[in-house]
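A.B. asks:
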Amino acid sequence: MSRLLVVDDEANIRILYSEELADEGYEVVTAANTAEAIEKLQQTPFDLVVLDIKLKNENGIELLQKLVRERHEMPVILCSAFSCYKDDFSAWLADGYIVKSGDLTELKQEIARVLAKKIQKAKIGL
Amino acid sequence: MGDCPNILEGDEALLASRQRRILEKCCDCASFKDDLRRFRESGHPLAPVILTLHGAHQRQKSQIDSLVSFLDSKTLEVRFLHELGSTLQSSVDLEEVLSVALTAITAGKGFGMNRAFLLIINREQGLLQGHLAIGPRSYEEANQTWDEISRNDMDLQGLAQNFRANKLDSERAKFHDILEQLTVPLSNSDHLLISTLNGTQPLLVENAFHNPDISTEIANLLGVDTFLLLPLISRKRRVGMIITDNCITHRRISEEDMRSIENFSFLVAFAIERASLYERLQVELSRATEAGNKLKEQQELIVRMEKMALVGRITSSIAHSIHNPLMVIGGFARSILKSTPEADPKRGFIESIVGEARHLEDVLDEILNYSDSLYPTRDFWDVNQLLEASLREIQEFLLERDCICQFEPQEELPLAYIDFKQVAYCVRTLVMDSLEGRSGELLSMRALRQGDGIHVVITDRARSVTPEDLDALLTPFAITHTMGSGLGLALCRTMLEKQDIPFIVAAPPGGGVTFTIILPTEKESSHEQAPGS
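From first to last, the protein sequence lines are chains A and B. If you're matching positions, the first sequence starts at 1 in the working numbering and goes up one per residue. If you're matching positions, the second sequence starts at 1 in the working numbering and goes up one per residue.
(1) Can you tell me whether B:W146 is buried or exposed, with buried defined as 16 or more other CB within 10 angstroms of its CB?
(2) Return the CA-CA distance between B:I367 and B:E306, expressed in angstroms with no decimal places.
(3) Given that B:I329 touches chain A, what residues does it touch there, using C-beta distances under 8 Å?
(4) Residues of chain A with CB closer than 8 Å to the CB of B:A357, please, in chain order.
(5) Rounded to the nearest angstrom, what separates B:A133 and B:R274 at their Cα positions?
(6) What whole-angstrom Cβ distance do A:S2 and A:L48 have, given they're in contact under 8 Å?
(7) Which value, in whole angstroms, describes the spacing of the CA atoms of B:H191 and B:L179?
(8) Could you tell me the alpha carbon to alpha carbon distance between A:Q120 and A:A35, rounded to whole angstroms?
(9) Can you confirm whether B:E361, when its beta carbon is compared against all beta carbons of chain A, has any partner nearer than 7 Å?
(10) Helix or strand or just coil, what does DSSP make of B:C426?
(11) In terms of residue numbering, what span does the alpha helix (DSSP H) encompassing B:S99 cover?
(12) Taking just the CA atoms, how far does B:R401 sit from B:G440?
(13) On the premise that B:I64 lies in contact with B:R240, defined as a C-beta separation below 8 Å, what is that separation, rounded to the nearest angstrom?
(14) Return the Cβ separation of B:L222 and B:I261 in integer angstroms, given the expectation that the two are a contact with Cβ distance under 8 Å.
(15) Tell me which same chain residues have a C-beta within less than 8 Å of the C-beta of B:H481, skipping the five on either side of it?
(16) Counting along the chain, where does the beta strand (DSSP E) carrying B:G130 start and finish?
(17) Cβ of B:S335 less than 7 Å from any chain A Cβ?
(18) Would B:L128 pass as a contact of B:L186 if the rule is Cβ separation under 7 Å?
(19) DSSP state of A:M1, grouped into three classes?
(20) Can you pull the chain B residues whose beta carbon is under 7 Å from the beta carbon of A:N12, in chain order?
(21) Roughly how many angstroms lie between the CA atoms of B:H250 and B:T216, to the nearest whole one?
(22) Which residue comes first and which comes last in the alpha helix (DSSP H) that contains B:N162?
(23) Does A:L41 come within less than 7 Å of chain B when only Cβ atoms are used?
(24) If the cut is a Cβ gap below 9 Å, which residues of chain B does A:E62 touch?
(25) Quick one: list the residues of chain A neighbouring B:N293, beta-carbon separation under 8 Å, in chain order.
(26) May I ask you to report which of helix, strand or coil DSSP gives A:Y26?
(27) Counting only C-beta atoms, is A:A81 closer than 7 Å to chain B at any point?
(28) Helix, strand or coil for B:E83, going by three-state DSSP, please let me know.
(29) Does the region 86-96 of chain B touch the region 272-288 of chain B, meaning 3 or more C-beta pairs lie closer than 8 Å?
(30) Check each candidate in B:D460, B:L415 and B:M113 and name the one with the smallest Cα separation from B:L295.
(31) Would you report the Cα separation of B:A269 and B:I233, rounded to the nearest angstrom?
(32) Around the C-beta of B:L246, are 16 or more other C-beta atoms found within 10 angstroms, so that it is buried, or is it exposed?
(33) Run through the DSSP bridge pairs and tell me what B:G240 is partnered with.
(34) Would you say the beta carbon of A:T105 comes nearer than 6 Å to a heavy atom of the ligand PLP?
(35) Taking the Cβ atom as the reference point for each residue, do B:L326 and B:A357 lie within a distance shorter than 7 Å?
(36) Between which two residues does the alpha helix (DSSP H) containing B:A13 stretch?
Structure follows, in structure tokens:
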């Protein structure tokens with residue numbers, strides 16, 4: 001079972017993601033801000049992080065850069081209400097990018113795609 | 001008039017003055033000379049004295065007449081030079097100046113030479129260049145021209161205007177072969193034309209076909225053995241040269257001719273230089289005006305972009321505030337819907353919530369996409385402005401580290417078709433990454449046109465990088481902190497790649513590192529793709 005960390009500052013979204021992704025068979029842990037996310041990342045390993053870009057007074061991109069620098073083997077999918085971040089060069093470091101929607105089909109497909117890619121990479125030893 | 005046959009109409013005043021009558025008329029009169037002869041034969045003791053005085057008077061009178069004639073010719077020359085000077089000084093049109101100069105040398109009312117060639121210095125190419133000529137190439141043509149001039153009876157200015165309007169191009173074409181061969185590199189100081197130009201004094205070449213000091217090459221080219229070379233010098237600055245000759249009449253060119261034309265050549269040189277400067281000034285002015293207009297356009301574009309960006313930010317902010325709650329509503333509704341049996345009477349209501357939420361999300365997407373489209377991405381930008389703006393933004397960073405990034409705007413750069421924001425980011429990142437962790441260092445940045453693109457080159461002479469390190473430079477986190485954050489250059493490469501902009505990092509053998517970004521100057525179909533898409 002893959003372990004996912006969902007980082008989002010809105011409690012309702014964390015609940016929604018937890019419920020939906022758990023239904024898909026993932027083990028989901030949530031964090032409301034970058035400090036909590038880092039703490040949880042230090043406690044246990046995760047297979048993938050779903051990260052919101054706008055986190056109250058913080059910027060998810062900064063956490064993304066830290067994760068890419070320190071845990072580049074762990075994929076990150078960025079989530080945002082804005083499609084414009086797709087053009088932000090900093091966002092290109094992420095493995096996936098999803099515009100938030102009440103329909104979580106796209107997010108689920110993206111998680112499945114990124115995890116499959118990660119497994120494939122591990123197989124060929126990259 | 002009275003009894004004297006030498007006193008004519010208009011000489012009435014002489015009847016009242018005996019003294020003037022004797023000096024002006026009697027001394028030359030045949031009767032007076034007969035009287036003198038008889039006086040001498042009479043053996044009068046004063047006869048030899050009177051004869052001596054008469055002879056001296058006659059000689060002095062002849063000298064005075066000659067001087068008056070010389071003075072008249074000089075007065076005419078001064079008037080002629082004054083007239084030409086006025087015309088030349090009032091003109092800033094190079095073609096007009098050249099027309100007046102060459103017409104004055106060749107016209108009968110001017111210096112009356114048969115033919116003249118004008119050579120002008122081309123400093124950019126380092127040449128004394130045959131520019132224009134006037135005159136006939138055969139006896140028949142000469143006769144035809146002289147007939148035409150005598151029929152029209154134009155003054156010098158009229159002749160010059162006529163030449164400019166009707167003959168300038170045809171004369172240039174007629175003498176094209178000779179003008180081309182009269183073009184000589186300024187470095188060829190052994191050449192007769194260049195050595196005369198360097199000597200700054202006019203040279204009258206005589207017997208050119210048999211003069212051992214003169215190469216016959218130029219005599220063969222002109223087809224005459226006597227010609228005059230007049231360097232055009234304006235305030236010690238070499239402007240060009242006039243070559244003139246009498247190829248048809250073979251009239252001798254006197255020392256006096258040479259000095260008169262030399263005086264005239266000063267005026268011509270000054271007028272040519274002034275007209276050339278004026279022409280260059282006009283070009284610079286139109287370039288400056290064009291640059292000013294472009295700057296204004298770009299400033300307006302920036303203001304428009306800022307306004308659009310503000311609209312975009314407000315729209316995004318509102319849309320974001322609505323988007324998240326809507327997403328939660330829609331998400332939970334979908335979640336509830338999944339666990340609600342088909343027969344449940346409330347299922348229809350939940351389906352409505354899901355549908356309406358989806359509809360509202362679509363509306364929001366549309367608004368957000370519209371606000372995104374308000375941001376221009378690629379456009380034509382002034383690279384000098386881009387680089388200056390980029391350096392201004394990191395000025396504080398440079399000051400903190402006591403580092404300098406030298407940059408001098410390059411003139412005549414075309415506009416580059418780029419995403420201003422992203423290229424400016426790359427430039428800033430390259431400078432900042434290079435100087436990270438260092439102090440008191442010097443970078444240089446320049447933009448130059450090469451081929452179809454503009455090369456922006458950032459040179460760091462102080463850094464030493466091995467060829468192996470170069471690959472690592474562009475790999476994220478593959479290098480130590482001494483080479484920057486480890487992410488910037490990789491991002492720059494990705495950003496530039498997405499715009500099809502070549503990015504070259506090189507370590508020249510002499511040491512240092514150079515970063516070269518090659519910006520396109522033309523809009524290509526491949527560039528129409530949105531960056532990051």
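Using N, Cα and C, we set each Cβ at its ideal position, and we do this for glycine too. Quick caveat: nothing in here was measured; it's all calculated off a predicted structure.
C.D. replies: In short, the structure shows the following:
(1) By the neighbour-count rule (16 or more Cβ atoms within 10 Å), B:W146 is not buried but exposed.
(2) When only Cα atoms are considered, B:I367 and B:E306 end up about 18 Å apart.
(3) Residues of chain A with a Cβ closer than 8 Å to the Cβ of B:I329 are, in chain order, G102.
(4) G102, listed in chain order.
(5) B:A133 and B:R274: Cα-Cα distance of roughly 20 Å.
(6) Between A:L48 and A:S2 the Cβ distance is about 7 Å, and since that is below 8 Å, they are a contact.
(7) Using only the alpha carbons, I get a separation of about 16 Å.
(8) Linking A:Q120 to A:A35 through their CA atoms gives a straight-line distance of about 31 Å.
(9) So, interface residue.
(10) Secondary structure of B:C426 (DSSP, three-state): helix.
(11) B:S99 -> alpha helix (DSSP H) spans L94 to T106.
(12) When rounded, the separation of the alpha-carbon atoms in B:G440 and B:R401 is 6 Å.
(13) It is Gly, not Arg, that sits at residue 240 of chain B in the sequence shown. Not really, about 42 Å apart at Cβ, beyond 8 Å.
(14) That pair is no contact at about 16 Å.
(15) Caution is warranted here: a pLDDT of 39 is assigned to B:H481, below 50, making its placement in the model unreliable, and no coordinate value can be reported.
(16) Residues L127 to I134.
(17) Closer than 7 Å to some Cβ of chain A, the Cβ of B:S335 qualifies, so yes.
(18) Cβ atoms of B:L128 and B:L186: closer than 7 Å.
(19) Of the three classes helix, strand and coil, the one that applies to A:M1 here is coil, per DSSP.
(20) The answer, in chain order, is V328.
(21) Rounded to the nearest angstrom, the two C-alpha atoms are 18 Å apart.
(22) Segment L156 to N162, the alpha helix (DSSP H) holding B:N162.
(23) By this cut-off, A:L41 is not an interface position.
(24) None at all; the shortest Cβ gap to chain B is about 12 Å.
(25) Among the residues of chain A, none has a CB under 8 Å from the CB of B:N293; the nearest is roughly 31 Å distant.
(26) Assignment of A:Y26 by DSSP, reduced to helix, strand and coil, places it in the coil class.
(27) At least one chain B Cβ lies under 7 Å of A:A81.
(28) In this structure, B:E83 counts as helix in the three-state DSSP scheme.
(29) A contact exists between the region 272-288 of chain B and the region 86-96 of chain B.
(30) Considering only alpha carbons, the answer is B:L415.
(31) Whole-angstrom Cα-Cα distance: 6 Å.
(32) The sequence shown places Asn at residue 246 of chain B, not Leu. Burial call: buried.
(33) Looking at the DSSP output, B:G240 shares a beta bridge with B:I120 and B:L232.
(34) Although the ligand PLP was asked about, the structure shown includes no ligands whatsoever.
(35) The Cβ-Cβ distance between B:L326 and B:A357 falls below 7 Å.
(36) A13 to A16 is the extent of the alpha helix (DSSP H) around B:A13.
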